[in-house]
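S.K.: In the working numbering, the protein residues as written are 17 to 322.
Each residue gets a CB set at the ideal place from its N, CA and C atoms; glycine is no exception.
All of these numbers come straight from a predicted model, not from anything done at the bench.
Encoded as structure tokens, here's the structure I'll be asking about.
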Amino acid sequence: MSLLFRRASLASLGLAFGLLALSLSPLMAQEAAPAPADAAAAPAAAPVDPDAVIATVNGQKLTEADLGLAEGELSQQFSQLPPEQRRAAALSAAIEIRVMAAQAVATGLDKDPEFQRRMAFLQQRALHGEMVEKGVVDKVTDAEVRARYDQEIASTPPVNEIHARHILVKTKEEAEAIIKQLDGGADFQKLANEHTSDPSGKTNGGDLGWFGPGQMVPEFDKAAVALEIGKYTKEPVQTQFGWHVIKLEDKRTKQPPAFDDVKDQAKQAVIRDKYFALVKQLRGGAKVEIPDANLKKAVDTMEAGK
């Protein structure tokens, strides 16, 4: 498939999508998490009142909503704990944060210019995340995701796959002797089990399964593709691994992935496009000045590549 269905390709989209990924990571992780096997049988949990007070710290209320935020923000730290301990750990952490924060204010750390700059940035990043979630992610429809999948399928050229077997030996002479036996009517699978030096082929008749262009080394790929179904190479094929005798079992056109298998990637692609469209719109209406000519050029180059 094309760019859409290769997650690694998103890494080249630059800092802006890195920020998008930061904003979306909790959401995407939540979507991708498999449901417990007994989820259907488990009784529905009682609704939680977000305003319910679960502790007070120096007279200040700590609510279920506050605990939920702590659990979400600190989930990685608690991932190794048993589930029954995570709530208590999150509450303990929230209390620690409250008392330490109060002490920081009491000693004037909140007035420190560097701290205030960090706070301003963190607020902006949090607002960026809210904008991504409310202004982009929540507006993606099922129809848009399906349309993106259909678009990718329609624009992707068909890929031909082949099913082949091989016998790998160390010398050309060994390979020629095997070809001579095949010419005399010997069974390919039996010879593979007896002679191949490929460990994975010694018990399955040298079966390589189905593979597409570029999945094998070039010399092997070229020789295998040139064969007719049911035929074997009449000359040994040399690669970096040794000498091969190859038999072509079958050919087919590779089927595209089913929608359900890649719908999460398709959704991410829709989100990505909507995000960049929104950024382009907002940046187009913003007055941005970068006095440093070299830095401006670098930023402009990065923006042009998105």
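#1: Measure from the alpha carbon of Lys322 to the alpha carbon of each residue in Phe292, Asn220, Ser95, Gly301, then state which is nearest.
#2: Return the CA-CA distance between Asp276 and Ala163, expressed in angstroms with no decimal places.
#3: What did DSSP end up calling Leu294 once you bin it into helix, strand or coil?
#4: Strictly by DSSP, which residues pair up with Leu85?
#5: Rounded to a whole number of angstroms, what is the C-alpha to C-alpha distance between Val304 and Leu298?
#6: Once you ignore the five residues that flank Thr269 on each side, which residues in its own chain have a CB closer than 8 angstroms to its CB?
#7: Could you name the residues that DSSP lists as bridge partners for Val73?
#8: From which residue to which residue does the beta strand (DSSP E) around Asp223 run?
#9: Just to confirm my understanding: we take Asp166, look at its own chain, exclude 5 residues before and 5 after, and list those with CB closer than 6 angstroms. What are they?
#10: Look at Ile245 and Val253 and say whether their C-beta atoms are less than 8 angstroms apart.
#11: Select from Gly230, Pro215, Pro229 the residue whose C-alpha is nearest the C-alpha of Asp223.
#12: By the DSSP assignment, the alpha helix (DSSP H) with Thr317 in it spans what residues?
#13: What separation, rounded to the nearest whole angstrom, lies between the Cα atoms of Gln132 and Asp126?
#14: Tell me where the alpha helix (DSSP H) around Gln119 begins and ends.
#15: Excluding five sequence neighbours on each side, which residues of the same chain lie with their C-beta closer than 7 angstroms to the C-beta of Lys283?
M.R.: With the given structure in hand:
#1: Phe292
#2: 13 angstroms
#3: helix
#4: Beta-bridge pairing links Leu85 to no other residue.
#5: One C-alpha to the other measures close to 11 angstroms.
#6: Pro174, Val175, Asn176, Glu177
#7: Under DSSP, Val73 forms a beta bridge with Gln76.
#8: 223-227
#9: none
#10: Result no, Cβ atoms of Ile245 and Val253 do not sit closer than 8 angstroms.
#11: From the listed residues Gly230, Pro215, Pro229, the smallest Cα separation to Asp223 is found for Pro215.
#12: Bounds of the alpha helix (DSSP H) holding Thr317 are 309-320.
#13: 7 angstroms
#14: 99-122
#15: Correct list, in chain order: Val156, Val161.
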